[in-house]
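Student:
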Amino acid sequence: MTDKSWLNTPAYVGVSKISIKGSPANRLFFVYRTLGCEYDKSKKGCTMCNFAEYASPEITGKNLNAQHNQALELLGSGGFEHFDLATLGNFYNDREISPETRRQLLTRLAGAPTVKRILTESRRGYITTEKLRESKACLRDDQTLEFAFGYESSNPKIRNEILNKGVPEEHLDQAMQMCRQAGVDFVSYVLIKPPQISETEAIKDAVETAIHVLEKAERYGVYARVAFEPVFVVRGKPIEKLFLSGNYKPPKLWSVVEVLAQTAERMGVVNTEGKLFVGLSDENLSGGRKASNCGFCDKEVESAIQQFNADQDVSKLKGLHHKCKDE
Ligand SMILES: [Zn+2]
16 MTDKSWLNTP
26 AYVGVSKISI
36 KGSPANRLFF
46 VYRTLGCEYD
56 KSKKGCTMCN
66 FAEYASPEIT
76 GKNLNAQHNQ
86 ALELLGSGGF
96 EHFDLATLGN
106 FYNDREISPE
116 TRRQLLTRLA
126 GAPTVKRILT
136 ESRRGYITTE
146 KLRESKACLR
156 DDQTLEFAFG
166 YESSNPKIRN
176 EILNKGVPEE
186 HLDQAMQMCR
196 QAGVDFVSYV
206 LIKPPQISET
216 EAIKDAVETA
226 IHVLEKAERY
236 GVYARVAFEP
246 VFVVRGKPIE
256 KLFLSGNYKP
266 PKLWSVVEVL
276 AQTAERMGVV
286 NTEGKLFVGL
296 SDENLSGGRK
306 ASNCGFCDKE
316 VESAIQQFNA
326 DQDVSKLKGL
336 HHKCKDE
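Oh and the sequence shown: position 252 is 267 in our numbering, straight run, nothing missing.
(1) Examine the Cβ distances between the region 179-187 and the region 212-222 and report whether three or more of them are shorter than 8 Å.
(2) Under 7 Å: does the beta carbon of ASN105 sit that close to some heavy atom of ligand 1?
(3) In the DSSP assignment, find the alpha helix (DSSP H) that holds LYS131 and state where it starts and stops.
(4) Give the range of the alpha helix (DSSP H) segment to which TYR27 is assigned.
(5) Give the secondary structure of SER296 by DSSP, where H, G and I count as helix, E and B as strand, and everything else as coil.
(6) Just confirm the distance between the C-beta atoms of CYS61 and ASN179, as a whole number of angstroms; I'd bet it's less than 8 Å.
(7) Please indicate yes or no: does the CB of HIS83 lie closer than 7 Å to some heavy atom of ligand 1?
(8) Does the Cβ of GLY104 have 16 or more other Cβ atoms within 10 Å, making it buried, or fewer, making it exposed?
(9) Just to be sure I understand the criterion: a residue counts if its Cβ is closer than 6 Å to at least one heavy atom of ligand 1. Which residues meet that?
(10) How would you label MET16, buried or exposed, when you count the other beta carbons within 10 angstroms and need 16 or more for buried?
(11) Just curious, the alpha helix (DSSP H) that ALA276 is in, first and last residue?
(12) Quick one: give me the first and last residue of the beta strand (DSSP E) that ARG240 is part of.
(13) Our contact map puts ILE320 next to VAL293 with C-beta atoms below 8 Å; I'd like the distance itself, whole angstroms only.
(14) Do three or more CB pairs link the region 169-176 to the region 262-273 at distances below 8 Å?
(15) Would you grab the beta carbon distance between THR159 and LYS131 for me? Rounded to a whole angstrom, and I think it's under 8 Å.
(16) Could you name the residues of the same chain whose beta carbon sits closer than 8 Å to that of ASP328, not counting the 5 residues immediately before and after it, in chain order?
(17) So for VAL202, helix, strand or coil by DSSP?
(18) Are the CB atoms of GLY83 and ARG123 nearer to each other than 8 Å?
(19) Which parts of the region 159-242 are runs of the alpha helix (DSSP H), unbroken and 4 residues or longer, counting only runs that do not cross its ends?
(20) Does LEU154 pass the burial test, meaning 16 or more other C-beta atoms within 10 Å, or should it be called exposed?
(21) Can you check which of these residues, LEU295, TYR166, PHE66, GLU233, is closest to VAL30 by C-alpha distance?
(22) So ARG42 and TYR69 are supposed to be a Cβ contact under 8 Å. How far apart are they, rounded?
(23) In whole angstroms, what separates the C-alpha of VAL57 from that of SER318?
(24) Between the alpha carbons of GLN85 and LYS331, how many angstroms are there, rounded?
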C-alpha cells in the first residue's frame, strides 16, 4: 500500500504582508495541490512555470477539502485578512476543480471571520460572468473576490512567443468586462524580467504593462491591481536551460525597486494604495535562481520590498542605496 497522505498536503504555503486598498494586511498564500494546469499538459505550456511537477492526477474533491481544512486552520490562527486561493492551474476550470468543490471551498471561506479578500486565478477560457457571479455569491457580503489573470506582459512577442502564454490581448478585455459585470476585482500578474530581454528592457516592459493594465481597467470601470512577479528559475522548463547555459539571469532586486518607483511615478502618486504588490515567493529555490543583488544588500532591499507590500510608500524605496545599485 502506498501512502496517499501527500494528496492532502498543499503544494506551497507562504505568508507575507499586503495592502488591501491602502490598509496594511496579512496575506496567506496557499497553493492547493490539484490535478494541474490543463494548458501545461505534457509541459507544452508557459515556459517559466513548472507547477505541473507538483500536481497529481489522483487528486479528488475530498483531498482538496482536506487541504482546505489546513488553510482554514491557518486562517483562523493567524489573523489573515487576505487569502490567495491559488492552485497549480485554473480554479475556474471544471476539469481541474469541480463546480461542487469550488462552491465548497468558497462557502467555507465565508466562515473565516478575519478574511476580507480572496484571490482566485485562471486563464480567461475557463471563466464566464456567471461562474464569477456564483463564486462571489458563496462569500459574505463584506468579502471581496478577486480574479487574477496571468497577462504577464503587454508586449505580445514576450507574452506569446517568449513565454508561450497563448493569451491574445482581447482576453484581458474580456476578463475585465466579466469582472465588472460580476462585481469581482481584477488582478494582473506582471513578470519582471522574462527571458531574452535585457535588465533595462525588463524594467521598461514591466512598467509599461502595469500602466497599460491599470488604464484599461479604469476604462472598463473595474477595480484592478498589479501583482509583479520577479522571475525565478524553475526546474525542468526552457528557462532552466537558458539559465544553466549562462543565457539568463534572474532580475536584480534593484530592478524590482525601479519598477515600483517608475510605475508609481507614471501613476502620479507617492503611495500606491494597494495597487501594486511584489510576489517574492520562490518555491524555496536557493539563491542564484531568484532575484538578488550583490549579496551584501539583498536582505535590506528584499525586506524593504516586503515592507512596501504593506505600506505602499515608494519614497522609502527611493531612499535605499548601495554601491552595487549603479551597475
Ligand atoms: Zn549591494
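No residue lacks a Cβ here, since even glycine has one placed at the ideal position from N, Cα and C.
Tutor: The structure says:
(1) no
(2) no
(3) Careful: LYS131 lies outside any alpha helix (DSSP H) and carries neither H nor E.
(4) First-last for TYR27: 27-35, but that is the beta strand (DSSP E), not the alpha helix (DSSP H).
(5) coil
(6) 6 Å
(7) no
(8) buried
(9) ASN308, CYS309, PHE311, CYS312, HIS337, CYS339
(10) Because the pLDDT at MET16 is just 49, under 50, the model does not fix this residue reliably, and the value given afterwards should be weighed accordingly. Per the 10 Å Cβ criterion, exposed.
(11) 268-282
(12) 239-245
(13) 5 Å
(14) no
(15) 7 Å
(16) VAL285, ASN286
(17) strand
(18) Per the sequence shown, residue 83 should be read as His rather than Gly. Result yes, Cβ atoms of HIS83 and ARG123 sit closer than 8 Å.
(19) 184-197, 214-235
(20) buried
(21) LEU295
(22) That belief does not hold up - the Cβ atoms of ARG42 and TYR69 are roughly 20 Å apart, past 8 Å.
(23) A quick correction: the sequence has Ser, not Val, at residue 57. Going from the Cα of SER57 to the Cα of SER318 covers about 37 Å.
(24) 36 Å
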